[in-house]
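**Student:** Let me give you the structure first, and then I'll get to my questions.
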Amino acid sequence: MAVVVIIAFVLITLFLLVKLVRKHRQVHRPDTPVPTKVTYWLSLAYTVFPFDLLPDPVYFDDIVVLTGGLIYVSKSLTKKTREARRSD
């Protein structure tokens, strides 16, 4: 049972990581706010680097960091897009 939970956490983490990486082009535009870029890179770095708040067999902390980063980056990019449309 524990193995199934770990596999589920790994799959969820990989799914969120792929979704965040797909935002790469949008994040690297010159008009993207700095806090959005910082959140993007810190979320990826936390997931990839070996230091964790919880031991590696438990990917819950990675899932929380990726989800939080993805939500923040998505909302920030959406807000930036809306503002750009209004100014045109």
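Counting from 94, one number per residue, gives the positions in the sequence shown under our numbering. We put the beta carbon where it would ideally sit given N, CA and C, even for glycine.
If we count the other Cβ atoms within 10 Å of its Cβ and call it buried at 16 or more, is Val131 buried or exposed?
**Tutor:** Working through the sequence shown from its first residue, we reach residue 131 at position 38. Exposed, because fewer than 16 other Cβ atoms sit within 10 Å of the Cβ of Val131.
**Student:** Taking all protein chains shown into account, do 16 or more other C-beta atoms lie within 10 angstroms of the C-beta of Phe174, making it buried, or fewer, making it exposed?
**Tutor:** What you label residue 174 is simply residue 81 of the sequence shown in a count that begins at 1. Reading the sequence as shown, one finds Thr at residue 174 and not Phe. Its Cβ having fewer than 16 others within 10 Å, Thr174 is exposed.
**Student:** Taking C-alpha atoms, which residue in Arg178, Leu170, Ser180, Ile100 lies nearest to Pro123?
**Tutor:** Residue mapping note: residue 123 aligns to position 30 of the sequence shown, counting from 1. Per the Cα distances, Leu170.
**Student:** Classify Thr125 as helix, strand or coil using the three-state DSSP reduction.
**Tutor:** As a first step, residue 125 must be located in the sequence shown, where it is residue number 32. In the structure shown, Thr125 sits in coil (DSSP, three-state: anything other than H, G, I, E or B).
**Student:** On a CA-only basis, which of Arg179, Glu176, Phe142, Lys112 is nearest Ser161? Give me that one, please.
**Tutor:** Here residue 161 refers to the residue found at position 68 when the sequence shown is read from its first residue. For the sequence presented, residue 161 should be read as Gly rather than Ser. Per the Cα distances, Lys112.
**Student:** Pull up the distance between the alpha-carbon of Phe153 and that of Val114, whole angstroms please.
**Tutor:** If you number the sequence shown from 1, residue 153 lands on position 60. If you number the sequence shown from 1, residue 114 lands on position 21. Phe153 and Val114: Cα-Cα distance of roughly 19 Å.
**Student:** Per DSSP, what kind of secondary structure is Asp155 in: helix, strand or coil?
**Tutor:** The count along the sequence shown starts at 1 and reaches residue 155 at position 62. DSSP places Asp155 in helix when its eight states are reduced to three.
**Student:** If you drop the 5 nearest sequence neighbours on each side, which residues of the same chain put their C-beta closer than 8 Å to that of Thr126?
**Tutor:** Here the question's residue 126 lines up with position 33 in the sequence shown. The sequence shown places Pro at residue 126, not Thr. Around Pro126: Ser169, Lys173.
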